[in-house]
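So the sequence shown is numbered by this note's numbering: it starts at 2 and just counts up by one.
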Amino acid sequence: MAVPTIELGSGATRVSGANRGVAVLDFILRLVAIVATLASAIAMGTTNESLPFFTQFIRFRAKYSDLPTFTFFVAANSIVCGYLILSLALSVSHIMCGAAEKSRVVLIFFDAAMLALLTSAASAAAAIVYLAHKGNTRANWFAICQQFNSFCERISGSLIGSFGGIIVFILLILMSAFTLSRRS
Numbered sequence: 002m003a004v005p006t007i008e009l010g011s012g013a014t015r016v017s018g019a020n021r022g023v024a025v026l027d028f029i030l031r032l033v034a035i036v037a038t039l040a041s042a043i044a045m046g047t048t049n050e051s052l053p054f055f056t057q058f059i060r061f062r063a064k065y066s067d068l069p070t071f072t073f074f075v076a077a078n079s080i081v082c083g084y085l086i087l088s089l090a091l092s093v094s095h096i097m098c099g100a101a102e103k104s105r106v107v108l109i110f111f112d113a114a115m116l117a118l119l120t121s122a123a124s125a126a127a128a129i130v131y132l133a134h135k136g137n138t139r140a141n142w143f144a145i146c147q148q149f150n151s152f153c154e155r156i157s158g159s160l161i162g163s164f165g166g167i168i169v170f171i172l173l174i175l176m177s178a179f180t181l182s183r184r185s
């Protein structure tokens with residue numbers, strides 16, 4: 002079933018019906034992903050907690066930058082958030098002018114790359130968060146979440162936002178692929 006379009010004078014077509022709805026949903030999902038990745042980067046990047054040892058002068062500190070995996074997580078979420086902000090322009094152009102097959106292919110390509118980056122960062126951070134919660138007695142890594150409750154809650158919460166961003170990227174890629182396949 003062909004979707005009706007209106008031919009404009011410059012050769013571009015204006016989208017109506019289902020394609021416009023998909024383009025609007027694409028824009029909304031990108032906004033959701035921006036919020037999720039930005040919140041994850043901020044939550045992880047501002048995470049630190051200090052506990053007194055025996056006196057007030059000797060303290061144990063847990064900070065995100067103590068673990069390179071968390072630093073990578075913050076950097077990856079920041080890069081993905083920046084990309085999403087830049088991709089909003091193409092998303093708006095898909096709402097206004099639907100005959101943008103080449104830009105959809107470009108978005109699929111970059112969305113897939115950002116999905117890979119975000120997945121690798123979230124997965125690596127999830128492994129460290131698991132060790133923080135459970136520890137590993139065979140490797141003499143002790144669980145620190147009994148002592149550093151606030152630290153563990155924040156890093157776990159930032160993972161939720163990042164994995165939410167992964168789900169949104171999967172939906173964005175599937176929607177773009179579906180839209181391109183309908184035009185063929």
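Glycine included, each C-beta is placed from N, C-alpha and C at the ideal position.
In this text, all values refer to a predicted model and were calculated from it rather than measured experimentally.
* To do: Following the continuous alpha helix (DSSP H) through Arg-31, name the residue where it begins and the one where it ends.
  => The sequence position of residue 31 within the sequence shown is 30, counting from 1. It spans 19-46 - the alpha helix (DSSP H) in which Arg-31 sits, taken as one unbroken run.
* Asked: How would you call Ser-182, buried or exposed, if buried means at least 16 neighbouring beta carbons within 10 angstroms?
  -> The residue labelled residue 182 in the question sits at position 181 within the sequence shown. Its Cβ having fewer than 16 others within 10 Å, Ser-182 is exposed.
* In chain order, what residues of the same chain have a beta carbon less than 8 angstroms from the beta carbon of Ser-163, not counting five sequence neighbours either side? -> As a position in the sequence shown, residue 163 is number 162, starting the count at 1. Contacts found: Ala-37, Thr-38, Ser-41, Phe-74, Asn-78, Leu-119, Ala-122, Ala-123, Ala-126.
* To do: Could you spell out where the alpha helix (DSSP H) holding Asn-78 opens and where it closes?
  => Numbered from its first residue, the sequence shown carries residue 78 at position 77. Note, Asn-78: alpha helix (DSSP H), 69-97.
* Asked: Are Ser-92 and Ala-101 closer than 7 angstroms when you measure CB to CB?
  -> Reading the sequence shown from its first residue, position 91 is the one you call residue 92. Reading the sequence shown from its first residue, position 100 is the one you call residue 101. No, Cβ-Cβ distance for Ser-92 and Ala-101 is not below 7 angstroms.
* From the DSSP output, read off the bridge partner residues of Asn-137. => For the purposes of this step, residue 137 is identified with residue 136 of the sequence shown, where counting begins at 1. According to DSSP, which records beta bridges pairwise, Asn-137 is partnered with Trp-142.
* Keeping to the same chain, check which residues put their C-beta closer than 6 angstroms to that of Ser-104; ignore five residues upstream and five downstream. => Against the sequence shown, residue 104 aligns to sequence position 103. Same-chain partners within the cutoff: Leu-91.
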